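My numbering applies: residue 11 is where the sequence shown begins, and numbers increase by one.
C-beta atoms are modelled at their ideal positions from N, C-alpha and C, and glycine is treated no differently.
This structure is a prediction, so every number in the text was calculated from the model and none was measured.
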Amino acid sequence: QVQLVESGGGLVQPGGSLTLSCAASGSVYAMGWYRQAPGKQRELVATMTRRSGITNYADSVKGRFTISRDNAKNTMSLQMNSLKPEDTAVYFCTAKSGPYGGSVYWGQGTQVTVSS
Numbered sequence: 011q012v013q014l015v016e017s018g019g020g021l022v023q024p025g026g027s028l029t030l031s032c033a034a035s036g037s038v039y040a041m042g043w044y045r046q047a048p049g050k051q052r053e054l055v056a057t058m059t060r061r062s063g064i065t066n067y068a069d070s071v072k073g074r075f076t077i078s079r080d081n082a083k084n085t086m087s088l089q090m091n092s093l094k095p096e097d098t099a100v101y102f103c104t105a106k107s108g109p110y111g112g113s114v115y116w117g118q119g120t121q122v123t124v125s126s
């Protein structure tokens, strides 16, 4: 069982920046971020494979968000720039144990609010 601990959420003004971090307690194949706004389904934000660093971004965040990893520390970060009110959501760190199926793990979620 892998545990994920997120940090870095908060309140930011439109156009501002915020960085989210996620620490994994064990080895995983890939990590990523999903978000869920009130009344909406959880959606993909960005993912990255641990070894090769292959990334995948939602169209809505391309060019504004950057996902990165530190394999030595077993952490992953999401740098969010040019934030918009529609980015407001609970952001969840996620990880999976293998490329096909396997176990999927979730963090507890961290609130990001973009408002003036």
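Residue i, buried or exposed, once every other Cβ within 10 Å from all chains shown has been counted against 16
{"i": "ASP97", "result": "buried"}
{"i": "LYS94", "result": "exposed"}
{"i": "SER87", "result": "buried"}
{"i": "TYR209", "result": "Nothing about residue 209 can be reported from this structure: the residues present for the chain run from 11 to 126 only."}
{"i": "VAL114", "result": "exposed"}
Under the three-state DSSP convention, the category residue i falls into
{"i": "ASP69", "result": "coil"}
Selection from the options that minimises the alpha carbon distance to residue i
{"i": "PHE102", "options": "ARG52, PHE75, ASN91", "result": "ARG52"}
{"i": "GLY73", "options": "ALA56, ASP80, ASN84, ILE64", "result": "ALA56"}
{"i": "ASN91", "options": "TYR44, SER27, VAL15, GLY19", "result": "SER27"}
Same chain only: Cβ atoms within 6 Å of residue i, ignoring 5 sequence neighbours per side
{"i": "ALA47", "result": "ALA99"}
{"i": "LEU21", "result": "THR123"}
Inset, instruction - Scan the stretch 29-63 and note each continuous beta strand (DSSP E) run of 3 residues or more that stays entirely inside, going in chain order. - result: 40-46, 53-59
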